[in-house]
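Engineer:
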Amino acid sequence: MSTSAAASAEIAKVAQTAVTTEELLSGDSNILDQLLLMFEKGLNQPIIYWQLASILGSLFLAWLLGKYIRMRIIKHLAANEIIESDEIKAEEGEAPVKPEHRESAFWAKVRRGIETLILRLSFPLLGMFFIAVSTFTVRLFGLLPKKALPLESIAWLILGAYVVIRTVVFLLHSLSRKYNSSLDNFLTFSIWGGVALQIVGVLPKCVEFMQTTKIPLGSTNATVWSVFLSGFSIALALFIAKWIGQFFEKWINSLPTMESNVRVVIIRVVKVVLVTIAILIGLASVGIDITVLGVFGGAIGVGLGFGLQKIASNYVSGFIILLDKSIKIGDLVNVSGVEGIVTDIKTRYTAVKAYDGSVTIIPNENFVTSSVRNTSYLLGPGRATVMMSVDYSADIDEVIELMTDIVRKQPRVLINPAPYTILTNFGADGIELTSYFWVPDPEKGTATLRSNIGRAMFREFNKRKINIPFQQRDLHIISMPEVICKVENDVPAPSKSEAKAGT
Numbered sequence: 001m002s003t004s005a006a007a008s009a010e011i012a013k014v015a016q017t018a019v020t021t022e023e024l025l026s027g028d029s030n031i032l033d034q035l036l037l038m039f040e041k042g043l044n045q046p047i048i049y050w051q052l053a054s055i056l057g058s059l060f061l062a063w064l065l066g067k068y069i070r071m072r073i074i075k076h077l078a079a080n081e082i083i084e085s086d087e088i089k090a091e092e093g094e095a096p097v098k099p100e101h102r103e104s105a106f107w108a109k110v111r112r113g114i115e116t117l118i119l120r121l122s123f124p125l126l127g128m129f130f131i132a133v134s135t136f137t138v139r140l141f142g143l144l145p146k147k148a149l150p151l152e153s154i155a156w157l158i159l160g161a162y163v164v165i166r167t168v169v170f171l172l173h174s175l176s177r178k179y180n181s182s183l184d185n186f187l188t189f190s191i192w193g194g195v196a197l198q199i200v201g202v203l204p205k206c207v208e209f210m211q212t213t214k215i216p217l218g219s220t221n222a223t224v225w226s227v228f229l230s231g232f233s234i235a236l237a238l239f240i241a242k243w244i245g246q247f248f249e250k251w252i253n254s255l256p257t258m259e260s261n262v263r264v265v266i267i268r269v270v271k272v273v274l275v276t277i278a279i280l281i282g283l284a285s286v287g288i289d290i291t292v293l294g295v296f297g298g299a300i301g302v303g304l305g306f307g308l309q310k311i312a313s314n315y316v317s318g319f320i321i322l323l324d325k326s327i328k329i330g331d332l333v334n335v336s337g338v339e340g341i342v343t344d345i346k347t348r349y350t351a352v353k354a355y356d357g358s359v360t361i362i363p364n365e366n367f368v369t370s371s372v373r374n375t376s377y378l379l380g381p382g383r384a385t386v387m388m389s390v391d392y393s394a395d396i397d398e399v400i401e402l403m404t405d406i407v408r409k410q411p412r413v414l415i416n417p418a419p420y421t422i423l424t425n426f427g428a429d430g431i432e433l434t435s436y437f438w439v440p441d442p443e444k445g446t447a448t449l450r451s452n453i454g455r456a457m458f459r460e461f462n463k464r465k466i467n468i469p470f471q472q473r474d475l476h477i478i479s480m481p482e483v484i485c486k487v488e489n490d491v492p493a494p495s496k497s498e499a500k501a502g503t
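Pasting the structure below:
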């Protein structure tokens with residue numbers, strides 16, 4: 001009986017340091033002081049070590065089992081990668097997906113999201129489960145008090161806060177079209193870190209320190225806390241503005257009747273307005289008088305007039321070409337020696353994709369100050385030509401009729417206006433003939449069409465024995481000067497003695 005009473009007294013002694021969840025979250029009592037007090041009063045008692053063993057053992061088992069679960073989920077996600085890739089291609093318009101596959105692709109995306117969330121929450125959920133089981137088992141034997149001790153409460157609250165924060169951030173971030181794992185981790189650990197500091201009682205101490213520490217800014221002194229709060233408020237306002245801008249952009253792009261240039265202008269103006277409002281709200285939320293920004297506005301104006309002149313010119317030129325609709329996304333243009341299709345119009349530059357797949361970044365100012373050939377500017381047919389040369393012995397009328405008939409048979413060539421062929425030049429090597437024809441979609445290019453026409457003409461010319469001349473020159477020798485050839489023998493001349501002996 002005495003032993004049991006002594007154990008109960010020891011448990012009661014250590015249990016005096018226990019705190020409730022409300023006390024931990026309120027921050028009124030410093031949990032670090034509670035931990036130090038607990039170890040001071042019960043460092044030599046087994047109750048402390050039972051508590052540590054239960055928590056550390058539970059976390060270790062959660063890590064092992066979580067690692068196994070993560071491996072299984074990763075393998076399962078890799079097996080379903082084909083369905084996910086088909087869905088992404090369908091969203092980006094790269095490949096069509098059959099109607100019967102759309103529903104399965106949707107549910108595959110939902111399953112993938114759930115599995116990804118379980119993958120991230122496996123360790124904290126298992127840790128909370130094993131801590132509950134282990135502490136409950138130890139309490140059955142009377143080795144721990146009924147009321148939770150500080151270390152146990154810390155483990156429960158920190159793991160539970162991580163589960164809640166990770167789930168909420170994941171669900172909100174999944175609403176975005178483009179999921180960014182790095183941003184998800186940054187938001188989760190930032191919020192969770194603040195909650196963990198609040199739980200252990202460090203956050204109030206840090207806030208108090210920042211509120212009492214001042215930074216000299218000109219004639220006034222600002223506290224570290226006010227600077228941190230202003231930066232955080234502006235960053236949060238910008239993040240919300242960017243998020244709203246993405247949803248607005250998605251909604252604008254879904255309107256089929258709106259022209260592409262109008263979409264780009266509206267989206268760009270709305271984003272600039274949202275960012276401006278976000279900055280003003282962030283500054284006003286921390287008590288900064290926004291009227292002082294007039295001085296900075298004047299400085300920016302001077303900078304735009306001198307050092308930022310080119311940037312301002314490109315920025316304004318971007319709005320000009322969007323508003324006057326001289327250049328649109330998808331147009332076939334030739335500017336500054338670059339020919340290709342306009343794929344995007346940004347604030348500072350326009351991206352032009354050439355036929356070989358390369359993309360050229362052209363400043364918007366070039367589209368305003370220099371000559372631009374826009375094949376797609378006016379809707380309607382465009383004219384193209386194919387030139388051939390024939391021998392002077394060929395029947396010109398037959399060749400003209402043959403070339404016109406070959407051009408007329410091409411699928412893209414318009415019947416009205418009708419194609420025709422004319423004699424354009426009497427060349428040095430042959431007669432030059434040119435076929436003129438029109439296509440309804442010149443913005444798609446005519447290089448392949450002209451190649452097909454040239455190949456067809458070459459085949460028909462070979463069948464009909466029509467010669468295609470090539471450059472050749474005849475050399476006529478009028479006179480030749482007299483040439484004296486002297487042949488020398490390499491054999492050395494005989495000596496006098498040899499000559500006498502020979503005689």
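With the UniProt record's numbering, letter number 115 in the sequence shown gets 115, and the count goes up by one each step, no holes. Glycine residues also receive a C-beta, built at the ideal position from the N, C-alpha and C atoms. The structure displayed is predicted, hence computed values, not measured ones.
#1: Please list, in chain order, all residues of the same chain as LEU52 whose beta carbon is under 8 Å from its beta carbon, the five residues on each side excluded.
#2: Taking contact to mean 3 or more Cβ pairs, one atom from each stretch, closer than 8 Å, check whether the stretch 221-238 and the stretch 199-213 are in contact.
#3: On the DSSP letters alone, give me the boundaries of the beta strand (DSSP E) that ARG383 sits inside.
#4: Ordered along the chain, which non-local residues of its own chain (more than five positions away) have a Cβ less than 8 Å from that of ILE422?
#5: Taking 7 Å as the limit between beta carbons, can you name the residues of its chain near ILE466, skipping five residues before and five after?
#6: Are the beta-carbon atoms belonging to THR343 and PRO442 less than 8 Å from one another?
#7: Three-state secondary structure (DSSP) at ASN374?
#8: Pull up the CB-CB distance for ASN319 and VAL265, whole angstroms please, since I reckon it's below 8 Å.
#9: By DSSP, does PRO363 sit in helix, in strand, or in coil?
#10: Start and end of the beta strand (DSSP E) containing MET201?
#11: Out of SER260, ILE453, ALA447, which one is the CA nearest neighbour of ILE321?
#12: So, with DSSP's three-state summary, where would you put ILE118?
#13: At 4 residues or longer, what runs of the alpha helix (DSSP H) sit wholly inside the stretch 421-484?
#14: What residues are listed by DSSP as bridge partners for THR334?
#15: Any idea if ILE83 is buried or exposed, counting beta-carbon neighbours within 10 angstroms, 16 or more meaning buried?
#16: Can you give me the C-alpha to C-alpha distance between SER254 and GLN471, rounded to a whole angstrom?
#17: Just to confirm the assignment, what range does the beta strand (DSSP E) spanning TYR355 have?
#18: Assign GLN198 to one of two classes, buried (16 or more other C-beta atoms within 10 Å of its C-beta) or exposed (fewer than that).
#19: Closer than 7 Å to a non-hydrogen atom of the ligand GDP - does that hold for the CB of VAL399?
#20: Would you kindly work out how many angstroms separate the C-alpha atoms of LYS325 and ASN366, rounded to a whole number?
#21: Report, in whole angstroms, the separation of the C-beta atoms of PRO469 and ASP429, which I expect to be a contact under 8 Å.
#22: Going by DSSP, what residues sit across from TYR349 in a beta bridge?
#23: Since THR404 is in the alpha helix (DSSP H), which residue starts that stretch and which ends it?
#24: Return the Cβ separation of ARG268 and THR347 in integer angstroms, given the expectation that the two are a contact with Cβ distance under 8 Å.
#25: Any idea which residues DSSP pairs PRO46 with across the strands?
#26: Using the Cα positions of GLU92 and TRP251, report the straight-line distance between them to the nearest angstrom.
#27: Measuring only the C-alpha atoms, how far is TRP63 from GLY127?
#28: To the nearest whole angstrom, what separates the beta carbons of MET387 and MET457, a pair I think is in contact under 8 Å?
#29: Look at the alpha carbon of ILE281 and the alpha carbon of PHE247, and state the distance between them as a whole number of angstroms.
#30: Kindly list the residues whose CB is nearer than 7 Å to the CB of SER313, restricted to its own chain and excluding five residues on each side of it in sequence; keep chain order.
#31: CA-CA distance, PRO46 and LEU238?
#32: Could you give the distance in angstroms between the alpha-carbon of THR167 and the alpha-carbon of LEU117?
#33: Out of VAL413, ILE431, ASN425, state which residue places its alpha-carbon closest to the alpha-carbon of ILE453.
#34: State the CB to CB distance for the pair LYS353 and ILE362, rounded to an integer number of angstroms; the pair is presumed to be in contact (CB under 8 Å).
#35: Can you tell me where the alpha helix (DSSP H) with ILE320 in it begins and where it stops?
#36: Give the straight-line distance between the Cα atoms of GLY382 and ILE431, rounded to the nearest whole angstrom.
Structural biologist: In short, the structure shows the following:
#1: Cβ neighbours of LEU52 beyond the five flanking positions: LEU151.
#2: A contact exists between the stretch 221-238 and the stretch 199-213.
#3: Where ARG383 is concerned, the enclosing beta strand (DSSP E) starts and stops at 382-390.
#4: ILE400, LEU433, THR434, TYR436
#5: Here the set comprises VAL390, ALA394, VAL399.
#6: no
#7: strand
#8: Rather than Asn, the amino acid found at residue 319 in this sequence is Phe. Confirmed, Cβ separation roughly 7 Å.
#9: strand
#10: Going by the sequence as given, residue 201 is Gly instead of Met. GLY201 -> no beta strand (DSSP E), and no H or E assigned at all.
#11: Comparing Cα-Cα distances from ILE321 to each of SER260, ILE453, ALA447, the minimum goes to SER260.
#12: In the structure shown, ILE118 sits in a helix (DSSP, three-state: H, G or I).
#13: 447-463
#14: Before going on, a small fix: residue 334 reads as Asn here, not Thr. DSSP lists GLU339, ARG373 as partners of ASN334.
#15: Note on ILE83: pLDDT 49, under 50, position unreliable in the model; no value is reported.
#16: One C-alpha to the other measures close to 59 Å.
#17: Looking at the DSSP string, TYR355 is not in any beta strand (DSSP E), and its letter there is neither H nor E.
#18: buried
#19: The ligand GDP is not part of the structure shown, which contains no ligands of any sort.
#20: 15 Å
#21: The C-beta distance from PRO469 to ASP429 rounds to 4 Å, short enough to fall under 8 Å.
#22: Its beta-bridge partners are PRO363.
#23: 396-408 is the span of the alpha helix (DSSP H), which, as asked, contains THR404.
#24: 7 Å
#25: Paired residue(s): none; PRO46 is not in a bridge.
#26: Interpretation of GLU92 is limited by its pLDDT of 44, a score under 50 that renders its predicted location unreliable; the figure taken from the coordinates is listed afterwards. Going from the Cα of GLU92 to the Cα of TRP251 covers about 16 Å.
#27: One C-alpha to the other measures close to 8 Å.
#28: 10 Å between Cβ atoms; not a contact.
#29: 20 Å
#30: GLU365
#31: 53 Å
#32: 7 Å
#33: VAL413
#34: No, LYS353 and ILE362 are not in contact; Cβ-Cβ is about 11 Å, not under 8 Å.
#35: 309-323
#36: 26 Å
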